Amino acid sequence: MASRKRGRPFGSQLSLSARKERKKMMDRERGKERIFIGDNIERWNRVKDELNLMFNHEVAGFLLDRYEHDKQGKVVSSTPVHGIKPTTELLKHPAGISDISSAESGKASDLAMSGIEQMEAGPSGSEDIRPPTSKKAKGSKYSASFLDPLEISIDISEEVEDLEESDDESYQPSINISLGPKDITGIEDCPGVESVFPTMEEEEVEEEDKEEEEAGPSICRVLTGEDFHHLTGNKTALVYLMQLKTLANKKVDSVCKVKGCGEGIDISIKHVGSAVYLKWTCRNSHVMDRWCSQPVLNKGLHGGDLMIASSILFSGNNFNKMELFAKFLQMGFPSQSSFTRLQRRYLVPSVDHLWSQKQEELIAELANKDLVLLGDGRMDSPGHCAQFCTYTLMEKSTKKILSVKTLDKRETEGKSGNLEKAGFIRGMQEVQDSGLKVAEVVTDAHIQIGALMKKDYPAVKHSHDVWHAAKNIGKKLISAGQEKSCKELQKWSKDIVNHFWFTCKTANNIDEFMGMWVGVLHHVVGEHEWYLPYSEMGLSMCKHDPLTGEDTGNKEYLIKGSPAHEALRKIILDKRLLHKIPYYLNFRSTAELESFHNHMLMYSSKRFAYTPPVYRARSLLAALDYNENVDREPITNKDGTVRMQRTYNKKSGRWTVYAVKEKKKYTHVSSLLNIVLQKRLEDREGLQERMVLEIGDPRRISRTIAPVPPPRTQQLVEEKKSRFDA
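So for the sequence shown, the UniProt record's numbering puts the first residue at 1; every next one is plus one.
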């Protein structure tokens with residue numbers, strides 16, 4: 001048998017789906033080793049005890065040898081034959097027991113035992129077997145058996161996926177036992193043999209058992225229901241390991257050392273925020289020593305409280321959910337007012353500071369280059385009621401975020417529709433002020449931004465996102481195909497959208513675009529050549545090779561001049577679409593920017609409300625995270641291929657794959673924490689200083705986003721009416 005190599009188990013290198021399939025196969029192999037003996041388990045154990053045998057496979061070998069001594073090599077059923085009573089004569093001469101029970105083969109027996117074990121009770125037709133009165137000494141040598149248990153292979157005649165979860169509790173799988181080859185040195189390891197090596201789950205169980213064995217008298221053990229209060233009734237706290245080690249090495253006298261006192265020492269526990277204090281005092285209130293579970297910053301601020309507040313914001317979490325988590329854990333936690341003050345005074349300024357540093361580094365990297373910027377806005381809520389808009393500019397070649405601008409609707413006279421234009425203006429102004437050269441800007445077909453580009457940036461090429469244009473054409477085709485007289489158009493919708501994509505990618509000028517794009521009107525009616533081109537340099541024929549039935553997807557051509565063909569003509573020759581042809585010739589897309597906007601949901605979910613400074617900080621955190629991890633390399637397998645992961649798109653109903661990248665490192669968080677701590681050490685006023693709104697805060701314009709000032713609460717209570725009131 002092949003020996004196991006040192007190192008990590010093979011299964012740890014497999015993907016999740018492969019490990020699941022491998023585990024299922026291993027379970028099936030283990031299931032093949034099970035033999036159902038029903039309520040005969042007591043008689044089985046009695047025979048094993050009287051024969052002084054240790055393993056179940058030894059009993060099986062003995063019984064099979066004695067019962068089948070005249071049927072060598074014949075396949076028999078493991079189920080006892082009805083009507084035949086086994087006699088005690090077969091048990092008087094245990095000569096058929098193999099040497100597997102000897103000391104030399106003990107290890108091999110562990111590896112090859114058939115796995116006979118007690119299962120649920122079931123009917124049995126066999127009579128009682130009387131064991132012999134005499135016993136052989138344990139470990140004594142018997143004559144060689146003609147049927148060695150090591151040569152037995154157990155097969156199930158029908159495949160059972162899961163024996164434990166079978167719907168029929170009385171079901172007994174048919175198991176046949178047959179002879180196997182004696183020499184197995186040339187046979188590769190099968191999954192059944194591989195299962196004896198510890199898997200990842202088995203290693204964890206062994207580690208838990210090891211920990212239980214090493215438990216000392218100072219370790220609190222929870223073994224019964226009466227011990228649950230140790231976990232559910234005790235408070236918890238955030239403890240730093242170095243502080244814990246200091247506590248372990250601390251030596252405090254058991255009696256008070258104050259002259260003339262000599263009283264015993266008591267230990268009191270006090271929770272302050274996320275920290276816990278231990279105080280050693282005598283009965284006369286003499287304090288011997290104090291210990292805190294956390295380092296303490298200047299002005300008495302606990303380091304754990306500041307780190308908790310920082311981790312909540314920098315990880316994209318929300319205070320209320322984390323506070324609830326701590327409540328269930330009975331862990332000390334900073335209050336919401338403390339978190340708000342820490343966030344406003346240290347955390348948000350630290351994010352602004354680090355973003356400015358990283359932005360300057362990126363600007364220096366992009367200097368003296370003709371930049372192509374991708375721009376798009378993200379609202380904090382759908383529809384026309386958004387309060388915030390984040391406008392982002394991404395540099396196309398590096399795929400890094402260059403500018404992030406957040407706006408409040410109070411800055412645009414309460415009109416959400418003007419937020420995207422205002423954000424674009426601020427972003428472009430910031431890029432130009434940095435001295436970078438912008439050659440092209442790619443946006444969606446935003447009317448206000450299009451007019452602004454013509455007026456204020458005539459030297460900058462303006463392109464539209466091809467994906468948005470293709471999506472709009474698809475919507476028009478689907479809408480037209482809903483008409484009863486135009487149903488034939490639905491079958492061509494996908495091909496027409498793909499043709500638009502191909503045209504944008506292939507055409508180099510307006511003439512080529514017109515020739516290929518308008519030519520689809522001829523193609524759908526079966527005309528692949530026409531007399532006059534639609535532009536001066538355009539084509540008068542299709543560019544594809546001769547078509548067959550498979551090439552057309554067995555779709556029927558439209559009838560020229562039919563309602564479906566005329567509806568398609570209106571879409572293809574739409575003046576607004578043809579007017580935008582120059583915007584599509586560079587074949588640009590803002591898909592990477594859409595990916596970043598999706599990434600922003602981790603930091604600023606649309607289901608939570610934030611103040612303007614916090615919303616800005618969360619948007620910048622998303623940009624810092626994205627820029628740091630956008631260049632991650634894909635993970636490769638041992639054979640050098642890129643590791644792929646499958647995913648299902650519920651909207652399209654298709655499976656796709658993507659390359660699995662290295663794990664994120666979040667090195668920017670370490671920089672942020674250092675800045676936060678430095679700001680705290682340099683703070684001479686502390687958290688009690690009265691905070692004022694920063695310059696540019698939209699709350700300086702209006703306290704709320706409502707167009708009218710809020711009335712008094714008592715007035716609202718008095719005016720409130722309900723149809724359910726008596």
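For every residue, glycine included, the Cβ atom is placed at its ideal position computed from N, Cα and C. Keep in mind that this is a model prediction, so the values were computed, not measured.
Can you tell me whether DSSP reads GLU483 as helix, strand or coil?
GLU483: coil per DSSP, three-state reduction.
VAL222 by DSSP, collapsed to three states: which one?
DSSP places VAL222 in coil when its eight states are reduced to three.
Does the structure place the region 601-610 close enough to the region 486-498 that three or more beta carbon pairs sit under 8 Å?
Not touching, per the Cβ criterion.
Please report the straight-line C-alpha distance between SER493 and LYS476, rounded to a whole angstrom.
Whole-angstrom Cα-Cα distance: 9 Å.
Using the rule of at least 16 other Cβ atoms within 10 Å of the residue's Cβ for burial, across every protein chain shown, is VAL255 buried or exposed?
VAL255 comes out exposed.
Fully enclosed by the region 226-304, which beta strand (DSSP E) runs are 3 residues long or longer?
Qualifying beta strand (DSSP E) stretches, in chain order: 265-272, 275-282 and 287-292.
Which one of ILE425, HIS565 and GLY450 has the shortest CA to CA distance from VAL525?
For VAL525, the nearest C-alpha among the options comes from HIS565.
What does the alpha-carbon distance come out to for the pair ASP376 and MET307?
The alpha-carbon atoms of ASP376 and MET307 are separated by roughly 34 Å.
Are three or more beta carbon pairs between the region 341-356 and the region 615-630 nearer than 8 Å?
Contact holds: three or more Cβ-Cβ distances are below 8 Å.
Flag this pair as touching only if the region 418-427 and the region 692-711 have three or more C-beta atom pairs under 8 Å; answer yes or no.
The region 418-427 is not in contact with the region 692-711.
Does DSSP put PRO533 in a helix, a strand or coil?
It is coil, neither helix nor strand.
Drop a sphere of 10 angstroms on the beta-carbon of LYS415, count the other beta-carbons inside from all chains shown, and report buried for 16 or more, exposed for fewer.
It is exposed - the Cβ of LYS415 has fewer than 16 other Cβ atoms within 10 Å.
Please report the straight-line C-alpha distance between MET644 and TRP655, rounded to a whole angstrom.
Near 12 Å, if we compare the C-alpha coordinates of TRP655 and MET644.
Tell me the rounded alpha-carbon separation between GLY332 and PHE325.
In a straight line, the C-alpha of GLY332 is about 11 Å away from that of PHE325.
Decide if the region 501-521 is in contact with the region 576-587; the criterion is three or more beta carbon pairs, one per stretch, under 8 Å apart.
Cβ pair count under 8 Å is three or more, so yes.
Taking only three categories from DSSP, how would you classify LEU436?
Three-state DSSP puts LEU436 in coil, outside helix and strand.
By DSSP, does LYS441 sit in helix, in strand, or in coil?
Correcting the residue type first, residue 441 is Val in the shown sequence and not Lys. Strand at VAL441.
Please check the pair GLY300 and GLN294, which I expect to be a contact at CB under 8 Å, by giving their CB distance rounded to whole angstroms.
The pair is not a contact, with the Cβ atoms about 12 Å apart (cut-off 8 Å).
Enumerate in chain order the residues of its own chain whose CB-to-CB distance from ARG378 is below 6 Å, with the five nearest sequence positions on each side excluded.
Answer for ARG378: THR390 and HIS597, listed in chain order.
Alpha carbon to alpha carbon, what distance is there between LYS555 and LYS491?
LYS491 and LYS555: Cα-Cα distance of roughly 7 Å.
In whole angstroms, what separates the C-alpha of LYS250 from that of TRP280?
The straight-line gap from Cα to Cα measures roughly 12 Å.
What is the DSSP secondary structure of ILE572, reduced to helix, strand or coil?
Three-state DSSP puts ILE572 in a helix.
Output the boundary residues of the beta strand (DSSP E) element that contains ASP49.
Run containing ASP49: none in the beta strand (DSSP E); it sits in the alpha helix (DSSP H), 41-50.
With distances taken from CA atoms, which of HIS464, VAL460, LYS24 and LYS455 is nearest HIS446?
For the residues HIS464, VAL460, LYS24 and LYS455, the minimum Cα distance to HIS446 belongs to HIS464.
Are the CB atoms of ASP305 and SER337 nearer to each other than 8 Å?
No, these two residues do not count as a Cβ contact at 8 Å.
Based on DSSP bridge pairs, tell me the residues matched to VAL642.
Paired residues: THR636.
Taking just the CA atoms, how far does LYS409 sit from VAL460?
If you take the alpha carbons of VAL460 and LYS409, they lie about 28 Å apart.
Can you say whether LYS321 is buried or exposed, counting buried as having 16 or more other CB atoms within 10 angstroms of its CB?
Exposed is the call here.
What is the DSSP secondary structure of CYS504, reduced to helix, strand or coil?
The answer is helix: DSSP assigns CYS504 an H, G or I state.
Which partner residues of MET375 appear in the DSSP bridge assignment?
Residue identity check: residue 375 is Gly in the sequence provided, not Met. Answer is LEU393.
Do the region 557-575 and the region 512-523 meet, that is, are 3 or more Cβ pairs less than 8 Å apart?
With the cut-off at 8 Å, the region 557-575 and the region 512-523 touch.
I'd like to know if the region 428-448 and the region 395-410 are in contact, where contact means that at least 3 CB-CB pairs between them fall below 8 Å.
Counting Cβ pairs under 8 Å, three or more are found: they touch.
According to the Cβ coordinates, are ARG680 and TYR346 closer than 8 Å?
Contact: yes.
Rounded to whole angstroms, what's the CA-CA distance from GLU365 to LEU407? Just pull it up for me.
About 27 Å.
Using only alpha-carbon positions, find the residue among LEU241, ILE41, TRP291 and TRP355 that is nearest to GLU628.
Nearest C-alpha to GLU628: TRP355.
Can you tell me the Cα-Cα spacing of ASP39 and ASN56, whole angstroms?
C-alpha separation (whole angstroms): 16 Å.
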